[in-house]
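Using my numbering, read the sequence shown as starting at 271 and increasing by one per residue. For each residue, glycine too, the CB sits at the ideal point set by N, CA and C. All values reported here derive from a predicted model rather than from experimental measurement. In what follows, a single structure is set out as structure tokens and then discussed.
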Amino acid sequence: TLNVNGTGQVYLTPDLAYINIGVNTQDVSASAAVATNKEKSNAVIEAIKAAGVDPKDIHTTNFSIWSNPQYDEQGQVKGTNYVVDNTVNVTVRNLDSLGDLLDSAVNAGANNIYSIQFDVANKDEATKEARAKAVEDAKAQAQTLAETAGLTLVQIQTINFYDNSPVPYFEGKGGGGAAEAAAVPIQPGQLAISVTVNITYTIK
């Protein structure tokens, strides 16, 4: 038998973004910290909706309250603040508006913005193309090896394939004009869809 690995990659421009937007508030009173956080969080969510995000694309990922002791210069506890965090995950389907959306969220009271991840809504065709490229790559390698060794490929015995999650591709061109007019510059770049194929041939 002859065993070969082939790889195939297809590059796509993202059309989705996932981002965590949160409000962090502190107060000496837990109830006051919660009340302030509630007011600001509602304002942030309304600002996100006003920026064109569907309510179904906004969901809470974290709500927490904890105490934060305050210390004096001698290291002695002099009081306690209460900290409240409220974070929502937002799916942005119009990347041209992402910069302005972030600007609106900050102006409405958001003070935690992190974990921007880009994605493609429909990866089916790209995945099929990457698989086909991986198979062709494996076939070409097998043919070259067989010819070099003076052998003949008879038939495929087994095929295994591994689809990898899309990853950012930093050497390609940028993802279009998504940030040209945005208040906050965001460059989605490109995503690489990668597939690895393992093929075993019988030979003679």
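query, result
"Can you give the Cα-Cα distance for Ile429 and Leu421, rounded to whole angstroms?", "20 angstroms"
"Grouping DSSP H, G and I as helix and E and B as strand, with all else coil, what is Thr331?", "strand"
"From Asp373 to Pro458, what does the alpha carbon distance come to, in whole angstroms?", "17 angstroms"
"Could you check which residue in Ala320, Thr277, Asn273 and Leu272 has the C-alpha nearest to that of Ser464?", "Thr277"
"At the level of alpha carbons, what is the spacing between Val405 and Val467?", "6 angstroms"
"Considering only the beta carbon of each residue, do Asn381 and Asn275 sit closer than 8 angstroms?", "no"
"On the DSSP bridge list, what partners appear for Gln387?", "Tyr288"
"Quick check on the burial criterion: 16 or more other C-beta atoms within 10 angstroms. Buried or exposed for Ile335?", "exposed"
"Would you kindly work out how many angstroms separate the C-alpha atoms of Gln296 and Asn351, rounded to a whole number?", "6 angstroms"
"Measure the C-alpha to C-alpha separation of Ile318 and Asn377 and round it to an integer number of angstroms.", "11 angstroms"
"Go ahead and pull the three-state DSSP assignment for Gln427.", "strand"
"Tell me Ser296's beta-bridge partners as DSSP assigns them.", "Position check: residue 296 holds Gln in this sequence, whereas Ser was assumed. DSSP output for Gln296 lists Val353 as bridge partner(s)."
"Quick test of the definition: if touching needs 3 or more C-beta pairs under 8 angstroms, does the region 296-308 touch the region 349-363?", "yes"
"Give the secondary structure of Asn392 by DSSP, where H, G and I count as helix, E and B as strand, and everything else as coil.", "coil"
"Out of Tyr384, Val353, Ile426 and Lys326, state which residue places its alpha-carbon closest to the alpha-carbon of Pro339.", "Val353"
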